[in-house]
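Reading through the structure tokens given below for one structure.
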Amino acid sequence: MKHLILVIEDQEDNRRIVRDLLVSAGYEIIEAVTGEDGVAAAKTHRPDLILMDIQLPDFDGYEATRRIKANPELHAIPIVAVTSYALNGDDVKALEAGCDAYVSKPFSPRALLAKIQEIIE
Amino acid sequence: MPKAFSLNTSPKVSSISRRFSFTLIGVITFILIVFAAVVILFDINRIESDLENRLEKAVKLSQNSLPIPLWNLDDMVVKEFVEALFLDESIVYTKISWKNKIIAEKYRNGFVYKDIDLDLDQKLHTGSKYIAKSSSINFKENAIATILIVMSRNSVKKQALLQIFGTVSLLILIVAAVWLTSIFITKRYISFPLLKLQEAASAIAQGDLETDVEKSGRDEIGVLAQHLDDMRGSIKQLFAELSDSKKRLEVHSRTLEQQVERRTLELAGSVDELKALGEISQVVNSTLDLETVLTRIVRHAVQLSKTDAGTIYEFDEEKQVFVPRINYGASAEFIAALHESKLSIGDQTVIGQAAVKRAPEQVADLSGFPEYPLPSTLQAGYHALLALPLLRENRLIGGLVVRRKAPGEFPVPVVDLLQTFAAQSVLAIHNARLFREVEEKGRELEIANKHKSEFLANMSHELRTPLNAILGYTELILDNIYGDVSEKIREVLERLEKNGRHLLSLINDVLDLSKIEAGRLTLSLNEYSIGEVIRTAVSSVEALAAEKNLDLNVSIPENLANGKGDEQRIAQVLLNLLGNAIKFTETGAVGIEAVVSNNKLVVSVSDTGPGLAEADQKKIFEEFYQADGSSTRKKGGTGLGLSISKKIVEMHGGRIWVKSTLGEGSTFQFTLPLRVEKQVEQP
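Chains as they are written, first to last, in our numbering: chain A, 6 to 126; chain B, 126 to 808.
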């Protein structure tokens with residue numbers, strides 16, 4: 006059975022890359038562009054993993070993570086934060102917000118895939 | 126009295142009068158003695174002849190008187206006659222005889238008959254004691270008797286002695302009289318006046334010039350005294366002149382002294398002025414705090430011009446008024462009045478006038494100036510005012526005013542001095558303005574620099590987003606996610622990916638540096654394992670080293686302590702050093718070594734590369750510097766890596782350096798405090 010991964014990412018190119026990477030690796034993908042949509046999608050689809058971009062147009066990834074983790078039904082879903090290399094201390098903040106792991110932008114698709122596989126399997 | 130006129134006591138001189146007396150007496154005595162001798166001789170002679178005459182007479186008398194008695198033989202008469210002859214005391218013997226028969230004879234006692242040779246022959250016989258004469262007595266021309274008369278010389282002798290005695294007594298008397306007279310005369314007319322003269326001369330010698338010299342007569346001594354007195358007069362006049370010139374000399378020297386004193390004072394004043402000026406120019410040049418400088422200037426200006434208060438105004442160009450900036454010596458009330466007054470160019474105040482004339486302006490006495498626009502000045506008791514405009518390149522920037530309670534003109538030197546102070550004030554104000562501008566510019570520059578860094582930080586972030594997409598797609602293509610890729614395309618894609626990664630690292634470095642410069646880089650200080658950080662770094666460059674066939678020697682102790690710091694940033698430094706070492710080394714080995722000692726972590730990364738020239742060893746840590754300018758292109762890299770590493774190390778409170786010899790490789794070393802509790806702020 007295919008694992009379902011929710012990708013919350015506002016940038017189209019990044020979404021496309023992640024989608025192409027994960028689909029080719031045999032995952033099922035749901036995409037959300039905003040934090041709010043992302044949180045809603047998480048409730049609706051109950052994904053196996055959430056890939057959370059930190060810089061989002063409405064509220065940031067930390068807030069989205071807190072909301073998802075605040076929901077007991079969604080609490081167990083692992084969230085991998087995609088932090089910006091540019092903003093120092095994001096990794097720590099991400100872990101504090103409840104993320105289970107993080108990858109720093111710019112990420113190598115191969116490294117991202119390795120990380121996801123490590124968490125899911 | 127001046128010492129020059131006091132003489133030593135004159136040596137004792139023998140009295141002139143005495144010498145004169147002796148000489149006089151001597152001469153007189155001699156003359157008298159000669160005269161007396163002549164008189165005596167003459168007298169003796171006269172007495173002698175008198176005796177002889179008497180003898181002759183007695184004989185004659187006998188010849189005349191005796192013939193008759195003799196003839197008559199009247200002896201009685203003859204005897205009486207003889208007796209009568211003896212009345213003459215000189216007759217000592219008489220004998221009348223005839224033919225050896227003595228008719229009459231008489232002698233006085235003591236007479237010795239033998240004494241005289243009586244063989245007389247009618248001649249006069251003279252002997253030492255007696256004279257005798259015998260003669261015949263004739264009667265009718267016949268001799269009838271002979272008579273002999275002897276006279277004693279005794280009486281002559283006695284008379285002569287008497288005569289001598291009288292003469293000598295007279296002589297003595299005369300001599301004594303002459304002596305006494307001469308003594309009296311010399312004493313009265315010579316010695317005494319001379320003594321007086323001597324006393325007077327001595328008094329003059331002792332310095333008494335007031336007492337007149339006694340002028341006793343019109344004789345030589347009187348003349349001498351007159352001359353002496355004249356001399357005294359001359360000396361007195363000389364003295365008067367001397368003391369006058371001495372007085373003048375004293376006055377002159379006193380004047381000189383006063384002049385010297387005054388000059389000294391002036392000099393001291395000048396020295397004070399110079400000191401003040403020196404201090405002020407020193408302060409103007411060393412202190413940028415305008416308040417301090419101007420306060421000193423006003424204080425010195427007031428003190429040196431001996432005034433009571435002073436103000437430095439700054440000219441507000443916009444409002445066209447003088448704003449009192451610094452006050453000295455004035456009461457708070459007066460200062461408040463100054464602040465309220467809106468003094469401006471051309472008004473009737475001293476500063477207003479000085480500003481128009483662009484030259485110093487003064488008022489000697491305000492009380493003669495009832496319409497003066499700033500009445501508080503006179504109310505505060507200031508009468509004299511001096512104002513100097515502060516001009517900078519002919520532009521009015523302010524004014525210096527000093528006020529004095531005592532009315533009166535300000536002398537030129539004071540005005541000149543204050544002009545110097547005004548010039549210094551101008552300089553100080555100008556300096557302060559320049560400094561303000563520089564400071565403002567500096568602040569602006571700093572802000573601009575920050576903006577630049579922020580812009581770079583944002584920009585590089587914006588640059589990375591599309592680049593990430595490019596690299597992401599490239600990687601996916603290379604991983605055959607979009608289907609198989611021909612070998613030719615794969616090769617191109619690999620180049621694309623390589624260049625893309627280089628571009629990314631460039632952007633990342635720029636981003637790091639600008640973040641550091643913008644002060645936006647904060648370290649995440651956490652516990653970390655030194656060994657693990659090093660091993661992770663080594664493992665990520667192993668492939669690169671292997672590609673170039675370089676040995677990678679890792680030497681770290683088994684159980685290195687945990688450190689505290691920003692793990693990611695430390696890893697970044699390690700990766701940078703290892704990457705450089707591998708990049709620049711063609712053959713040989715790259716080594717990494719870590720030691721902990723004295724609570725310090727020391728890491729060395731060494732290589733067998735080309736090494737660095739001495740000159741390059743410092744510059745290498747500067748931004749965009751690579752030893753060989755061309756190597757950036759050849760070897761890739763931004764030239765920012767070492768600069769960023771240095772900043773990261775320093776933010777941890779550590780140090781980084783390189784030891785290298787050209788041709789023998791390099792060793793980069795850095796130290797970090799084992800536990801960093803606080804980020805070190807970058808200057």
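A virtual CB, placed ideally from N, CA and C, is assigned to each residue, including glycine.
Nothing here was measured: the structure is a model prediction, and the numbers come from that model.
| Item | Value |
| --- | --- |
| If you measure between the beta carbons of residue 528 of chain B and residue 507 of chain B, is that distance less than 8 Å? | yes |
| Could you tell me which residues DSSP pairs with residue 267 of chain B in its beta bridges? | B:264 |
| I want to see whether chain A comes within less than 8 Å of residue 597 of chain B, judged by CB atoms only; does it? | yes |
| Using the Cα positions of residue 350 of chain B and residue 322 of chain B, report the straight-line distance between them to the nearest angstrom. | 6 Å |
| Please identify, using Cβ separations under 9 Å, the residues of the segment 598-616 of chain B that lie next to chain A, in order along the chain. | 598, 600, 601, 604, 605, 606, 607 |
| Distance, Cα to Cα, residue 390 of chain B vs residue 442 of chain B? | 42 Å |
| Taking only the alpha-carbon atoms, compute the straight-line gap between residue 136 of chain B and residue 331 of chain B and give it to the nearest angstrom. | Unreliable positioning characterises residue 136 of chain B in this predicted model, as indicated by a pLDDT of 47, which lies under 50. The coordinate reading is nonetheless provided below. Roughly 16 Å between the two C-alpha positions. |
| With a cut-off of 8 Å, does the C-beta of residue 770 of chain B fall near any C-beta of chain A? | no |
| Taking the beta strand (DSSP E) that residue 653 of chain B falls in, what are its first and last residues? | 651-654 |
| Expressed to the nearest angstrom, what Euclidean distance is found between the alpha-carbon atoms of residue 124 of chain A and residue 108 of chain A? | 13 Å |
| Leaving aside the five residues before and after residue 554 of chain B along the sequence, list all residues of the same chain whose C-beta is less than 8 Å from its C-beta, in chain order. | 415, 419, 439, 515, 517, 522, 523 |
| If distances are taken between C-alpha atoms only, which option among B:646, B:644, B:198, B:686 comes closest to residue 659 of chain B? | B:686 |
| Just how far apart, CA to CA, sit residue 482 of chain B and residue 435 of chain B? | 20 Å |
| Within the chosen definition, does the segment 635-649 of chain B reach the segment 609-619 of chain B through at least 3 CB pairs nearer than 8 Å? | no |
| DSSP three-state call for residue 812 of chain B: helix, strand or coil? | Look at the range of chain B in this structure, 126 to 808, and you will see that residue 812 of chain B is not part of it. |
| Would you say residue 640 of chain B and residue 801 of chain B are within 8 Å of each other, going by their C-beta atoms? | no |
| Can you tell me whether residue 562 of chain B sits near the ligand SAH, meaning its C-beta is under 7 Å from at least one heavy atom of the ligand? | The ligand SAH is not part of this structure, which contains no ligands at all. |
| Exposed or buried, residue 535 of chain B, counting other C-beta atoms within 10 Å across all chains shown (16 or more means buried)? | buried |
| Please state whether DSSP places residue 169 of chain B in a helix, a strand or coil. | helix |
| Using beta-carbon positions only, say whether residue 678 of chain B and residue 714 of chain B come within less than 8 Å of one another. | yes |
| Could you compute how far the alpha carbon of residue 178 of chain B sits from the alpha carbon of residue 258 of chain B? | 11 Å |
| Thinking just about the alpha-carbon of each residue, which of B:764, B:705, B:159 is nearest to the one in residue 293 of chain B? | B:159 |
| How long is the line joining the alpha carbons of residue 335 of chain B and residue 157 of chain B, rounded to whole angstroms? | 50 Å |
| Taking C-alpha atoms, which residue in B:803, B:603, B:746, B:425 lies nearest to residue 547 of chain B? | B:425 |
| Please confirm whether residue 593 of chain B has its beta-carbon closer than 8 Å to some beta-carbon of chain A. | yes |
| So which residues on chain C does residue 590 of chain B lean against when the C-beta distance must stay under 9 Å? | Given the protein chain composition of this structure (A and B), no chain C is represented. |
| Among B:552, B:730, B:509, which residue has its Cα nearest to the Cα of residue 533 of chain B? | B:509 |
| If you follow the alpha helix (DSSP H) that residue 116 of chain A is part of, which residue opens it and which one closes it? | 114-125 |
| Flag residue 22 of chain A as yes if its beta-carbon sits less than 8 Å from any beta-carbon of chain B, otherwise no. | yes |
| Does the distance from the CB of residue 255 of chain B to the CB of residue 217 of chain B come in under 8 Å? | yes |
| Would DSSP call residue 584 of chain B helix, strand or coil? | helix |
| Using beta carbons (cut-off 8 Å, strictly below), is residue 25 of chain A in contact with chain B? | yes |
| Consult DSSP for residue 40 of chain A and reduce its assignment to one of helix, strand or coil. | helix |
| With 8 Å set as the bound, which would you pick, yes or no: does the beta-carbon of residue 57 of chain A sit closer than that to a beta-carbon of chain B? | no |
| Against chain B, does residue 115 of chain A count as a neighbour if the rule is that its beta carbon must be under 8 Å from one of theirs? | yes |
| Taking the straight line between their C-alpha atoms, what separation do you get for residue 495 of chain B and residue 526 of chain B? | 19 Å |
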